[in-house]
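Structure, as structure tokens:
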Amino acid sequence: MRLFQRQSRTVLFIGFGGLLALMVFAGVDGLRVLRRMQDRSGSIQREFLERGRVLNQIRSDVYLSGTYARDYLLDPGRSAADRSKTELRRLRREMDATLANYAQLMRPEEREPLEGLRRNLNEYWQALDPVLLWGADQRRGSGYAFVRDVVIPRRRAMLSLADEIDEVNRRQVSTGNARLTDLFSEFRYRLIVTLMLTLALGSLLAVFATRRILALESQTTSQYTEVTEARGQLRSLSARLVKTQEEERRALSRELHDEVGQSLSAILVGLSNLVGATPAEVRSLVEREAAPLRRLVEGNVRTVRNLTLLLRPSMLDDLGLIPALEWQGREASRHSGLRVDISAEAVSDELPEELKTCVYRVVQEALTNVARHAEAQSVRIVVQQETARLLLSIQDDGRGFDIARSKGLGLLGMEERVRGMTGSLHVRSETGMGTLISVVLPLRTHPRGNE
Amino acid sequence: MSTIRILLADDHNVMRRGLSALLERQEGFSVVAEAADGREAVELALAVKPEVVVIDIAMPNLNGIEAARRIHEKRPETAIVILSMHADEGYVLRALNAGARGYLLKDSPEEDLIRAIRAAHAGKAFFSPEISRMLAEDYMRQMRQRGVEDSYELLTPREREVLQMLAEGNSNKDLATKLGLSLYTVETHRANVLEKLNLHSSAEMILYAVRKGIVT
Ligand SMILES: Nc1ncnc2c1ncn2[C@@H]1O[C@H](COP(=O)(O)OP(=O)(O)OP(=O)(O)O)[C@@H](O)[C@H]1O
Ligand SMILES: [Mg+2]
Chain A
13 MRLFQRQSRT VLFIGFGGLL ALMVFAGVDG LRVLRRMQDR SGSIQREFLE
63 RGRVLNQIRS DVYLSGTYAR DYLLDPGRSA ADRSKTELRR LRREMDATLA
113 NYAQLMRPEE REPLEGLRRN LNEYWQALDP VLLWGADQRR GSGYAFVRDV
163 VIPRRRAMLS LADEIDEVNR RQVSTGNARL TDLFSEFRYR LIVTLMLTLA
213 LGSLLAVFAT RRILALESQT TSQYTEVTEA RGQLRSLSAR LVKTQEEERR
263 ALSRELHDEV GQSLSAILVG LSNLVGATPA EVRSLVEREA APLRRLVEGN
313 VRTVRNLTLL LRPSMLDDLG LIPALEWQGR EASRHSGLRV DISAEAVSDE
363 LPEELKTCVY RVVQEALTNV ARHAEAQSVR IVVQQETARL LLSIQDDGRG
413 FDIARSKGLG LLGMEERVRG MTGSLHVRSE TGMGTLISVV LPLRTHPRGN
463 E
Chain G
22 MSTIRILLAD DHNVMRRGLS ALLERQEGFS VVAEAADGRE AVELALAVKP
72 EVVVIDIAMP NLNGIEAARR IHEKRPETAI VILSMHADEG YVLRALNAGA
122 RGYLLKDSPE EDLIRAIRAA HAGKAFFSPE ISRMLAEDYM RQMRQRGVED
172 SYELLTPRER EVLQMLAEGN SNKDLATKLG LSLYTVETHR ANVLEKLNLH
222 SSAEMILYAV RKGIVT
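Those protein sequence lines, which keep their order, are chains A and G. Per this note's numbering, the first sequence starts with residue 13, numbered consecutively. Per this note's numbering, the second sequence starts with residue 22, numbered consecutively.
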């Protein structure tokens, strides 16, 4: 049992712990993957924009250089030609820098078009170098042809290379997106796996816990039944005990009355006869001897009578319940000066033996308590018979008591007796308010002690 | 004085013989029959027709009170004295209701038994002094506790006279003769007494008289 308990505790610990860990792991992992996806998509975006910007720069520089070259060649003014020439030189430096810059961002797929671009650019600049040394006449003579045959075709070629690079860049973005999708599907896969694991573990745990709970429940039920049975047995035992005690008392009482009491009475009569039969001359002598004996026997007769009544009042059997209660009331009144009123309504002479005894004993204990504890002036006892039950109440006007606090053998015994007859007993009392004991006894059911 | 013929009923042999010897010793008493149980007592009482029956309550077959009731039903002229261990009003009332005239405790002294038999034979009630005293005391205490005035005060002198004579064992006819009244008047007085004292039978009236010490 103990071992079983420890085992199941371990299993539950591991089960719930595992489940929790799995959930935490799934959460953290999911967050991490999401963060990575976000980073990745951000960097792709950023790179794309950066390259686009650089390419555009190159493209516009190519245009610009064409424009300056044309201005330089076709513009007749000297100062304008010089300005264009400086611009061209500046552009060349700038473009070299931009290209070098781009080379750092470059991906392997871009190497070829970029090399082409660089080569073209070099050739362009090399073709342009000697032209920059041209004088005004030479520019006027062959400027136009140079623009048409060299500048424009080169520029076109360079632009188309830039487009190519741009194309590569775009492709690059979609590859990045594809990789993102891969990442996402990997994430989904992992999510599904953890979910499945969680589900499986959870189900296992649920099955285990349910079985344990059901086992515990059936255990509790069986224990409850056991306890109820034990209580029932206890009760029937105590009912039987009460009954046996009552029977014993009655037997003892009869024996005392019929044997001892009668014999003592006979002895008294015998003593009288003895004295009466003695000759007159010694009679006073015998009388003197007989007198203490007679007193002794008389005392014994009284003792036996009281004992008999205490054990089991013969009135209960000879006269019935109410006369027995009335006798009890008078006795209590004689001994303690209490005023005892007894009222009986429709109480039959033919009440079952055990019922009479029960009522009698309850009243006896109640009256004893009143005399001993209540400091009451009067007690009222009511017995009332209805079709299916007998009602009994004993009410005093004494000082009352705290029911919850004091419960001695007397009150418990009363309850036990009444319950043994499948009846119910209620005590109502408050300090200063007197005490009311009310009893309900069913008339037809058999007492439990008989089962 | 003629002898009083007595039937003695007690299941205890030694007791019965002792009583018999005791009674036989008295002048004017004669134990004419002895019974060991209630049924035998009834049979013998009807067969032997004693004037007085002295009967124990606790007896097998039929208890003394029941036996007394049957004897009284068949031969109401028989005077019955109950012997009992019980000094209780309940038993006394029961005995009186059964038609007994005397109620005696078993440990009473010899003289009380003799007086009881003489009284019963003379048609009067007799109780052990212990019992009379107890009844009177209980009654007084009850009156005191309840703080009620004794309704005896409500009775007219004539009614008191009637009560006493009836309780002493006189019949209505005896009263009519002794008081020089008509039977009807006596009956009216008796009914008034019962009414005023809230009593319901001759037995209760006798008990009341004992309680009040009107008779002993
Ligand atoms: N009528 C009453 N008025 C005031 N107090 C009472 C009354 N009945 C019971 N009690 C209180 O309840 C207590 C328990 O009563 P109970 O009869 O169970 O035991 P007990 O009388 O003390 O002992 P015993 O076992 O001898 O009867 C008493 O000690 C008393 O204090
Ligand atoms: Mg008690």
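Even glycine gets a Cβ: it sits at the ideal position worked out from N, Cα and C.
Straight-line Cα distance separating residue j from residue i
i: proline 325 of chain A; j: alanine 336 of chain A; result: 7 Å
i: proline 130 of chain G; j: glutamate 216 of chain G; result: 37 Å
i: histidine 458 of chain A; j: threonine 399 of chain A; result: For histidine 458 of chain A, the predicted structure reports a pLDDT of 49, less than 50, and the residue's modelled location is therefore unreliable. A value from the coordinates is still provided. Between histidine 458 of chain A and threonine 399 of chain A, the C-alpha separation is close to 16 Å.
i: glycine 39 of chain G; j: valine 309 of chain A; result: 16 Å
i: valine 75 of chain G; j: arginine 60 of chain G; result: 14 Å
i: glutamate 338 of chain A; j: tyrosine 124 of chain G; result: 19 Å
i: glutamate 87 of chain G; j: glycine 332 of chain A; result: 14 Å
i: leucine 455 of chain A; j: serine 223 of chain G; result: 35 Å
i: leucine 44 of chain G; j: methionine 327 of chain A; result: 30 Å
i: arginine 223 of chain A; j: threonine 233 of chain A; result: 15 Å
i: aspartate 270 of chain A; j: leucine 280 of chain A; result: 15 Å
i: arginine 90 of chain G; j: arginine 243 of chain A; result: 50 Å
i: glutamate 208 of chain G; j: histidine 221 of chain G; result: 14 Å
i: glutamate 293 of chain A; j: arginine 139 of chain G; result: 29 Å
i: tyrosine 84 of chain A; j: arginine 166 of chain A; result: 17 Å
i: leucine 29 of chain G; j: proline 291 of chain A; result: 26 Å
i: glycine 435 of chain A; j: serine 441 of chain A; result: 20 Å
i: serine 53 of chain A; j: leucine 207 of chain A; result: 26 Å
i: serine 192 of chain G; j: glycine 201 of chain G; result: 14 Å
i: glycine 190 of chain G; j: glutamate 48 of chain G; result: 24 Å
i: glutamate 362 of chain A; j: glutamate 258 of chain A; result: 19 Å
i: glutamate 260 of chain A; j: leucine 305 of chain A; result: 31 Å
i: histidine 438 of chain A; j: serine 284 of chain A; result: 54 Å
i: valine 163 of chain A; j: glutamate 59 of chain A; result: 32 Å
Assigned secondary structure, residue i (DSSP; H/G/I helix, E/B strand, else coil)
i: aspartate 175 of chain A; result: helix
i: histidine 107 of chain G; result: coil
i: alanine 54 of chain G; result: strand
i: leucine 24 of chain A; result: helix
i: phenylalanine 147 of chain G; result: strand
i: threonine 206 of chain G; result: helix
i: threonine 447 of chain A; result: strand
i: glycine 244 of chain A; result: helix
i: serine 355 of chain A; result: strand
i: histidine 438 of chain A; result: strand
i: isoleucine 78 of chain G; result: coil
i: proline 178 of chain G; result: helix
i: alanine 303 of chain A; result: helix
i: asparagine 462 of chain A; result: With a pLDDT of only 42 at asparagine 462 of chain A, under 50, the local geometry of the prediction cannot be trusted, and the value read off the model is given with reservation. Looking at asparagine 462 of chain A - three-state DSSP - the assignment turns out to be helix.
i: aspartate 409 of chain A; result: coil
i: alanine 344 of chain A; result: helix
Where residue i meets chain G, residues with beta-carbon distance less than 9 Å
i: aspartate 330 of chain A; result: Ile78, Ala79, Asn84, Ile86, His107, Gly111, Tyr112 and Arg115
Within chain G, partners of residue i - CB distance below 7 Å
i: alanine 278 of chain A; result: His33, Val35, Met36 and Gly39
Under 7 Å by beta carbon: chain A residues contacting residue i
i: alanine 42 of chain G; result: Asn285
i: glutamine 166 of chain G; result: Arg351
i: lysine 127 of chain G; result: Ser277
Short Cβ contact (8 Å threshold) for residue i with residue j
i: valine 231 of chain G; j: leucine 156 of chain G; result: yes
i: glycine 412 of chain A; j: threonine 447 of chain A; result: yes
i: asparagine 132 of chain A; j: leucine 173 of chain A; result: yes
i: serine 390 of chain A; j: leucine 350 of chain A; result: yes
i: histidine 210 of chain G; j: glutamate 180 of chain G; result: yes
i: glycine 120 of chain G; j: histidine 93 of chain G; result: yes
i: serine 277 of chain A; j: aspartate 128 of chain G; result: yes
i: leucine 145 of chain A; j: isoleucine 177 of chain A; result: no
Residues that residue i contacts on chain G, provided the C-beta gap is smaller than 8 Å
i: alanine 269 of chain A; result: Reading off the sequence shown, one finds histidine at residue 269 of chain A, where the question assumed alanine. Residues of chain G passing the Cβ test: Ala79 and Met106.
i: glycine 282 of chain A; result: Val35 and Gly39
Residue i: contacting residues in chain A (beta-carbon distance under 8 Å)
i: aspartate 133 of chain G; result: Chain A residues near aspartate 133 of chain G: none, gap ~11 Å exceeds 8 Å.
i: arginine 162 of chain G; result: Ser345, Arg346 and Gly349
i: arginine 46 of chain G; result: Asn285, Gly288 and Ala289
Interface residues of chain A facing residue i [CB-CB closer than 9 Å]
i: lysine 70 of chain G; result: What lysine 70 of chain G touches in chain A: nothing, since even the nearest Cβ is about 26 Å away.
i: aspartate 159 of chain G; result: Arg342, Ser345 and Arg346
Check whether the region 415 to 427 of chain A touches the region 372 to 383 of chain A, counting contact only when three or more Cβ pairs, one atom from each stretch, lie closer than 8 Å. Between the region 415 to 427 of chain A and the region 372 to 383 of chain A there are three or more inter-stretch CB-CB distances shorter than 8 Å, so the stretches are counted as touching.
Would you call the region 299 to 319 of chain A and the region 151 to 167 of chain G touching, i.e. three or more CB-CB distances under 8 Å? The region 299 to 319 of chain A vs the region 151 to 167 of chain G: no contact.
Does the region 65 to 72 of chain A come within contact of the region 35 to 52 of chain A, defined as at least 3 CB pairs closer than 8 Å? No: the two stretches stay apart, fewer than three of their Cβ pairs being nearer than 8 Å.
Quick check: the region 177 to 194 of chain G against the region 67 to 86 of chain G, are at least 3 beta-carbon pairs closer than 8 Å? no
Quick check: the region 214 to 221 of chain A against the region 23 to 40 of chain A, are at least 3 beta-carbon pairs closer than 8 Å? Three or more pairs of CB atoms, one per stretch, sit closer than 8 Å, so the region 23 to 40 of chain A contacts the region 214 to 221 of chain A.
Are three or more beta carbon pairs between the region 314 to 324 of chain A and the region 253 to 268 of chain A nearer than 8 Å? yes
Specify whether the region 106 to 118 of chain A and the region 192 to 206 of chain A touch according to this definition: at least 3 beta carbon pairs, one from each stretch, less than 8 Å apart. no
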